[in-house]
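J.: Please see the structure below; I have some questions.
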Amino acid sequence: MKSTSTLLATVIAISLSGCIINVNGTSAGPLNHQKKQLQIDATHIESLVAETGAGDLNIQGVEGLSQIMVTADIYTYGDIESNLSLKQNGSKATLTAEFDSSINFQRSPYIDLTIQVPSSMMLDIDDGSGDIEINNVQANITLDDGSGDLWIKGGHDINIQDGSGSVEVSNTTGKLTLEDGSGSITLSGIGGDTHIDDGSGDLSVNNVNGHVVIDDGSGDIDVDNTLGLSIIESGSGDLSIDNINGSVSMH
């Protein structure tokens, strides 16, 4: 028995010596909730750069606001700590909200974020999973999103790389570039040229003050009221086109 216990202890020691720690969430008890608030003076800040992991993200642009204000609802368990910070780096504010990537979670902790920024502030967001909603931001928005539904209302030039989940963008003042893996896409009231590279899912585009370029894998396409249209690939699905006030080309 003594030799068996020694062998078992050796095996456990070896299994814990690697760089990946497996956490079994089913035996870790319920998720614990903690609320934290971060704030930074935005007087000399032009853009917010955010690195966020799992959890929902809600960003509100506020006219005349002089602060960046973050409310984080952290859901975790045991002694697993979040990495949450908001710092100024020159003309940028850097927000980090995630957990240690070396831990392989069986039951993922997550952080829901509500952020208020000056409406004129540019956004550069790298997000893991969870729904994203951005409202009333008047500046450029760059977004790299893994999974989850996405809603953007407002913004100037917008560049989106999206993995999976539905995408809705409306009432922009500039051009839009969208690369999407899967999920439905609804675009309305886009202020400039629009380029869409879509994997799968239905696509609806209407009221675009610019030329629309579409490269689509599968799903229905509905385009109405644009200043031109180029379809590089329409894949599979029905195609409906109306009120194109410019050149139309289909390859």
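Following my numbering, the numbering of the sequence shown begins with 1199 at its first residue and continues without gaps. Where is the CB? At the ideal position from N, CA and C, for every residue including glycine.
#1: Look at the Cβ atom of residue 1260, then the Cβ atom of residue 1317, and state whether they are nearer than 8 Å.
#2: Tell me which same chain residues have a C-beta within less than 6 Å of the C-beta of residue 1329, skipping the five on either side of it?
#3: Using only alpha-carbon positions, find the residue among 1449, 1313 and 1392 that is nearest to residue 1270.
#4: Is residue 1282 helix, strand or coil by DSSP?
#5: Just checking, does the region 1376-1384 make contact with the region 1353-1364 on the three C-beta pairs under 8 Å criterion?
#6: Let me know the secondary structure DSSP gives residue 1307 once reduced to three states.
#7: Kindly provide the ranges of any beta strand (DSSP E) runs that are 3 or more residues long and lie completely inside the region 1225-1272, ordered along the chain.
#8: What do you get for residue 1421, buried or exposed, if any count of 16 or more other CB atoms within 10 angstroms of its CB means buried?
#9: Hey, how far is the Cα of residue 1221 from the Cα of residue 1423?
#10: So, using beta-carbon positions, are residue 1409 and residue 1444 closer together than 8 Å?
#11: Anyone know if the C-beta pair for residue 1250 and residue 1363 falls short of 8 Å?
#12: Name the DSSP beta bridge partners of residue 1290, please?
#13: Leaving out five residues on either side along the sequence, give the residues of the same chain with a beta carbon under 8 Å from the beta carbon of residue 1240.
#14: Of all Cβ atoms in chain D, is any one closer than 8 Å to the Cβ of residue 1360?
#15: Give the secondary structure of residue 1295 by DSSP, where H, G and I count as helix, E and B as strand, and everything else as coil.
#16: Put residue 1361 into one of helix, strand or coil per three-state DSSP.
#17: Identify whether residue 1348 lies in helix, strand or coil by the three-state DSSP scheme.
#18: Which class does residue 1425 belong to by DSSP, given the choice of helix, strand or coil?
#19: Note down, in chain order, each residue of its chain lying with its Cβ closer than 7 Å to the Cβ of residue 1434, except the 5 sequence neighbours on either side.
#20: Measuring alpha carbon to alpha carbon, tell me which of 1257, 1354 and 1306 ends up nearest residue 1388.
#21: The beta strand (DSSP E) that contains residue 1440, what's its start and end?
#22: So the candidates are 1273, 1236 and 1245; which of them puts its Cα closest to the Cα of residue 1252?
#23: Once the 5 residues before and after residue 1448 are set aside, which same chain residues still bring their CB inside 6 Å of it?
#24: Applying the criterion that 16 or more other CB atoms from any shown protein chain within 10 Å of the CB defines a buried residue, is residue 1399 buried or exposed?
#25: Suppose contacts are defined by Cβ-Cβ distances below 8 Å. Is residue 1385 in contact with residue 1403 by that definition?
#26: Which first and last residues belong to the beta strand (DSSP E) in which residue 1391 is found?
T.: So, from the data block:
#1: yes
#2: 1254, 1346 and 1347
#3: 1313
#4: strand
#5: yes
#6: coil
#7: 1230-1239, 1245-1252 and 1255-1260
#8: buried
#9: Residue placement at residue 1221 is poorly supported in this model, since its pLDDT is 43, which falls under 50; the coordinates still yield a value, given next. Whole-angstrom Cα-Cα distance: 52 Å.
#10: yes
#11: no
#12: 1245 and 1287
#13: 1263, 1264, 1265, 1266, 1291, 1315, 1316 and 1319
#14: As a matter of chain content, chain D is missing from the structure shown, which is built from one protein chain.
#15: strand
#16: strand
#17: strand
#18: coil
#19: 1416
#20: 1354
#21: 1437-1442
#22: 1273
#23: 1429
#24: buried
#25: yes
#26: Neither: residue 1391 is in no beta strand (DSSP E) and is coded neither H nor E.
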